[in-house]
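Scroll down for the structure; my scribbles are underneath it.
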Amino acid sequence: MPDYWESYYGLNINSAEDALFSLDGDGLSNLLEFQLKTNPIREDTDFDGVNDDLDLWPLGWSKSINSDQNGIPAPWELNRGLSDNDAHDATRDDDNDGLTNLQEYQAGTCIDLADNDFDGVSDGEDVAPLNGAYRFDIDEDGLPQAWEEQYQLNIGYDDAGDDLDNDGLTNLQEYQAGTDPHNPDSDGDGVFVGEDTHPADARYSRDEDGDGMADEWEQEHGLYSTDPLDAIFDFDADGLSNLQEYQLGTDPQVADSDRDGINDGEDRHPLDARYRLDQDGDGLPEMWEMQYGLSDSNTEDGLSDWDNDGLTSVLEFELGTNPINPDTGGDDIPDAEDPSPAGEAGSEELAF
């Protein structure tokens with residue numbers, strides 16, 4: 001615990017032992033209070049009537065706990081065996097699928113499963129990592145047969161490295177970008193695909209300051225198209241940088257883009273308002289609770305383990321598993337012991 005933090009809250013900067021104490025009697029040690037950014041001398045930091053040690057959101061629903069400031073909320077990291085005190089785990093690729101852990105969080109994919117939709121294409125190369133429709137690849141060149149047939153490529157020949165339209169992108173890169181391998185300017189904006197920040201969207205043709213955000217998008221959202229530093233700012237204080245907002249398609253000037261009551265930085269689905277309310281404050285969206293027959297007025301649902309699989313309902317929600325089925329994946333391994341507990345059934349989370 002830093003000296004300034006201890007001094008501010010009246011702790012002893014010369015005593016290592018006070019890290020283990022709980023001055024406010026909320027069950028959290030002073031060290032845990034520091035790590036969670038809660039108040040060590042107030043048992044209920046957010047004044048919601050629930051002590052910090054029992055509170056699923058001790059800083060309030062509108063604030064994301066992210067101690068290491070790596071862009072990934074602490075609950076998500078801890079639920080997946082990562083450390084909330086190690087900023088570097090955001091840049092790791094634990095399953096070697098080509099996506100960092102931060103990208104896995106943003107995409108909603110599993111960090112220890114290289115092919116989330118089991119379509120034979122690793123998530124880092126998959127244009128739709130949660131959609132198994134692009135499945136078969138006879139020549140094993142990374143291009144699904146359906147895509148090659150759509151663009152009249154050779155399904156029996158490894159042509160992933162070819163650049164048929166001379167736009168600077170190989171066929172594999174065209175597939176990943178969602179562009180036409182026969183058209184050097186797929187969106188018709190006058191910029192070759194290989195130089196285009198948004199090759200499939202004609203609205204975004206230039207990035208003058210090279211900050212990764214298209215000029216048109218920056219101007220549209222009140223940012224500066226000639227200042228590369230605004231990529232790291234968080235104008236709406238939702239926990240996402242402007243660059244992350246651009247990549248996710250959220251509004252950098254609105255903390256809650258889908259207006260579902262959850263700030264974009266905390267929202268697993270920041271553009272989908274179906275995941276909107278948590279009336280009882282148990283950490284579970286009402287739609288999800290209704291889907292599985294849980295009560296949207298029972299504050300204890302989040303900490304309950306209805307199927308006795310060793311996972312609370314909040315963890316089941318975070319993992320995409322079924323809270324009333326101890327073996328969501330149907331592989332005879334209880335969800336709490338299963339390295340991929342959702343299996344192919346994880347998609348049912350969206351089945352509203």
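Position one of the sequence shown corresponds to residue 1 (the UniProt record's numbering), numbered consecutively onward. Where is the CB? At the ideal position from N, CA and C, for every residue including glycine.
Check your understanding: Would you report the Cα separation of glycine 210 and serine 241, rounded to the nearest angstrom?
Key -> 16 angstroms
**Asked** At a cut of 8 angstroms, does the segment 146–159 reach the segment 108–116 through at least three beta carbon pairs?
**Response** no
Discussion item. Check for me: the alpha helix (DSSP H) holding methionine 290 runs from which residue to which?
Written reply: Note, methionine 290: alpha helix (DSSP H), 286–291.
**Message:** For a quick check, are the C-beta atoms of aspartate 24 and glutamate 43 less than 7 angstroms apart?
**Reply:** yes
Sorted by chain position, which residues of the same chain lie with C-beta nearer than 7 angstroms to proline 339's C-beta, five sequence neighbours on each side aside? Asp112
When Ile333, Gly310, Asp251 are compared against proline 323, the one with the closest alpha-carbon:
Gly310
Review point. From Gly108, Gly212, Asp162, pick the residue whose C-alpha is nearest to that of glutamate 266; which is it?
Key: Gly108
Beta-carbon proximity list for isoleucine 232, same chain, < 8 angstroms, skipping 5 on both sides: Cβ-Cβ distances below 8 angstroms link isoleucine 232 to Ser241, Asn242, Leu243 in the same chain, with the five nearest sequence neighbours on each side left out; the list follows chain order.
Nearest residue (CA-CA) to tyrosine 157, options Gly320, Asp167, Gln253, Gly142: Considering only alpha carbons, the answer is Gly142.
(request) From the DSSP output, in three-state form, read off leucine 102 for me. (result) helix
Return the CA-CA distance between aspartate 227 and glutamine 247, expressed in angstroms with no decimal places. A straight-line Cα-Cα distance of about 18 angstroms links aspartate 227 and glutamine 247.
- Task: Return the chain-ordered list of same chain residues with a C-beta closer than 7 angstroms to the C-beta of glycine 122, the five sequence neighbours on each side being excluded.
- Result: Before going further, note that residue 122 is serine rather than glycine in the sequence given. Cβ within range, chain order: Asp97, Gly98, Ala114, Asp115.
In the DSSP assignment, find the unbroken alpha helix (DSSP H) run with glutamate 33 in it and report its ends.
-> 30–36
On the CB-based measure, 16 or more other CB atoms within 10 Å of its CB, does serine 257 come out buried or exposed? buried
_Distance check for isoleucine 155 and glutamate 139, CA to CA, integer angstroms please._
Per the sequence presented here, residue 139 reads as aspartate, with glutamate not at that position. Their Cα atoms are separated by approximately 6 angstroms.
First and last residue of the uninterrupted alpha helix (DSSP H) at leucine 164: Segment: none, leucine 164 is in no alpha helix (DSSP H) and carries neither H nor E.
**Request:** Please name the residue, chosen from Thr170, Asn166, Asp165, that lies closest to aspartate 159 on a Cα-to-Cα basis.
**Result:** Thr170
Original post:
Among residues of its own chain, excluding the 5 on either side of proline 334, which ones have a beta-carbon nearer than 7 angstroms to its beta-carbon?
Top reply: For proline 334, where only same-chain residues beyond five positions count, the Cβ hits under 7 angstroms are Asp309, Gly310, Pro326, Asp327.
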